[in-house]
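Just so we're aligned, residue 56 is where the sequence shown starts under my numbering, counting upward by one.
Let me begin by presenting the structure, written as structure tokens, before commenting on it.
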Amino acid sequence: MTNGEEAIISPVTDGGMESTVNPTTQAGPTDPAQPAAPATPAADQTDTTAITPGVTTMHAWQMREKPRPIENDPLEWIEKPIPSPGPGQALIRVLACGVCRTDLHVSEGDLPAHLPHVTPGHEVVGEVVALGADQGIDINGRHTQLHVGEHVGVAWLRHTCGECEFCVAGKENLCRHSLYNGWDAHGGYAEYMVAPDDYVYSLEGLLGGESADGGTSAGGTAYDKPSYTLETVAPLMCAGIIGYRALKRTGLLDGVSFADIESGQARERIAEIVGHRPALGLYGFGGSAHITAQVALALGMRVHVLTRGRDAQRLALNLGCASANDAYDQPDEPLDAAIIFAPVGAIVPPALEALRPGGVLSLAGIHMSDVPPLNYEQHLFHEKEIRSVESNTRQDGREFLAFAATHQIKIDAHPYPLDQAQQALKDLKAGAFTGAAVLMPM
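This is how it looks when you write it as structure tokens:
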């Protein structure tokens with residue numbers, strides 16, 4: 056990104072990434088996910104019929120000049136023009152936005168700024184209110200079939216090049232030209248946002264439209280169709296998808312197809328491959344971990360939670376986990392795999408000690424404090440592995456949301472008004488709630 060000045064655009068002109076396009080200039084940086092568009096496109100290029108007539112501005116949070124500890128209010132509440140979708144983009148009215156620890160890392164500067172004055176937020180549930188030029192066609196020529204009025208979700212990953220060795224190999228999460236919502240482009244701590252069509256997920260299976268007639272609980276019991284609300288779907292868009300990716304990185308799903316998961320045969324298949332019902336450890340038990348625990352339970356795993364805080368431990372047990380202990384305790388049995396969600400490097404050594412020979416430790420966070428020195432014999436011998444997690448692929452997102460559409464995932468959601476986003480981040484840092492905070496526009 057080359058510039059992050061405040062956008063000055065009208066609701067019917069293409070602002071690309073909402074950056075430095077004003078009525079008196081013809082140039083400004085655009086989102087590399089889409090081709091550049093003229094400052095004033097033809098009137099028929101953007102359908103804005105779903106935007107409230109006469110409304111041209113919105114409220115949003117944005118970063119101040121420099122990051123700072125959340126206690127010192129690094130975000131500011133502003134009014135700004137409603138952005139406009141560029142070619143192949145959708146304008147989305149934000150209906151709910153989950154509060155992710157990555158937002159805290161961006162706000163406090165743990166993740167270096169990519170876009171000055173960026174609006175955080177990447178766990179978005181919204182409604183499509185306008186489509187830009189070339190609507191319904193993504194940059195690779197595929198039909199995305201979004202339509203105005205549709206419920207959609209926006210996650211962390213915003214753009215990949217589609218051409219590098221990683222993208223071609225189905226590992227787009229490793230693309231060196233990737234862009235992210237709420238970091239490289241304005242995110243969901245706002246009343247509206249724009250996103251590329253081909254990185255937006257349809258939520259009709261979760262919030263309406265056609266979906267399966269029934270589902271399965273974490274314990275494997277059939278029941279009526281899963282039921283979700285705006286505030287319970289929002290955390291699925293990152294906490295859920297990244298947790299699912301982290302679970303795949305443990306290797307416990309190796310050899311298991313998504314068809315096995317959809318057909319209900321995954322439990323038996325996993326036990327057959329591993330040789331027994333696998334034991335999974337989860338270190339930290341916030342928004343992502345409490346979702347991942349339910350996925351693992353539904354797949355027949357024994358889940359052991361290691362986390363500070365009695366409320367989080369009680370939540371884990373209430374969800375059906377086998378045990379819940381302090382973060383530095385040893386679990387009740389040796390672990391086949393473990394995932395660290397807490398951004399605390401000091402947890403890595405005890406987590407490695409808890410693994411069985413051949414076990415895998417997956418690190419789910421985008422940021423972690425320094426890992427202490429490891430002893431080879433004590434922590435790594437017997438073919439133990441450490442694997443990091445970088446973002447997710449869109450296939451991860453599609454698989455996880457399809458799973459959620461047929462398996463009821465209980466979200467411990469804590470709603471906050473949108474104008475209280477900074478307080479929600481403070482509460483997240485302080486561990487003031489279990490589960491996930493969700494911002495709801497007023």
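Think of the CB as a built atom: it goes at the ideal place given N, C-alpha and C, for glycine as much as any other residue.
{"Query": "Of the residues GLN117, PRO175, ASP467 and ARG300, the one placed nearest LYS226, counting alpha carbons only", "Result": "ARG300"}
{"Query": "Rounded separation between PRO398 and PRO108 - CA only", "Result": "45 Å"}
{"Query": "Cβ contact check for the region 473 to 480 and the region 280 to 287: 3 or more pairs under 8 Å", "Result": "no"}
{"Query": "Check whether HIS177 and CYS155 have beta carbons under 8 Å apart", "Result": "yes"}
{"Query": "Residues bridged to TRP132 (per DSSP)", "Result": "TRP116"}
{"Query": "Proximal residues to THR215 (C-beta, below 6 Å), its chain only, five neighbours per side dropped", "Result": "CYS222, GLU227, CYS230 and SER233"}
{"Query": "Touch test, the region 366 to 383 against the region 393 to 407, Cβ-Cβ under 8 Å, three pairs minimum", "Result": "yes"}
{"Query": "Beta-bridge pairing of PHE322 - partner residues as DSSP gives them", "Result": "The residue you asked about is not Phe; residue 322 is Arg in the sequence shown. ARG322 is not bridged to any residue."}
{"Query": "Through-space distance from GLY339 to TYR244, alpha-carbon basis", "Result": "25 Å"}
{"Query": "Endpoints, the alpha helix (DSSP H) within which ARG148 is located", "Result": "It is not in any alpha helix (DSSP H) - ARG148 instead sits in the beta strand (DSSP E) that spans 144 to 153."}
{"Query": "Between the CA atoms of GLU259 and VAL183 - distance to the nearest angstrom", "Result": "12 Å"}
{"Query": "Continuous alpha helix (DSSP H) stretch holding ASP482: start and end", "Result": "476 to 485"}
{"Query": "Inter-residue Cα distance where the pair is PRO175 and LEU410", "Result": "36 Å"}
{"Query": "Three-state secondary structure (DSSP) of LEU494", "Result": "strand"}
{"Query": "Beta strand (DSSP E) segment containing ASN373, residue limits", "Result": "First-last for ASN373: 365 to 373, but that is the alpha helix (DSSP H), not the beta strand (DSSP E)."}
{"Query": "Proximity winner among GLY413, ALA371, PRO405 and ALA379, relative to ASP391 (alpha-carbon distances)", "Result": "GLY413"}
{"Query": "Cβ-based neighbour list, ASP99, same chain, cut-off 8 Å, excluding 5 preceding and 5 following", "Result": "Caution applies to ASP99, whose pLDDT of 30 falls short of 50 and renders its modelled position unreliable; the model cannot decide the point."}
{"Query": "Coil, strand or helix - MET292 by DSSP", "Result": "helix"}
{"Query": "Contact set for LEU261: own chain, Cβ-Cβ below 6 Å, skip 5 residues either direction", "Result": "TYR283, VAL288 and ALA460"}
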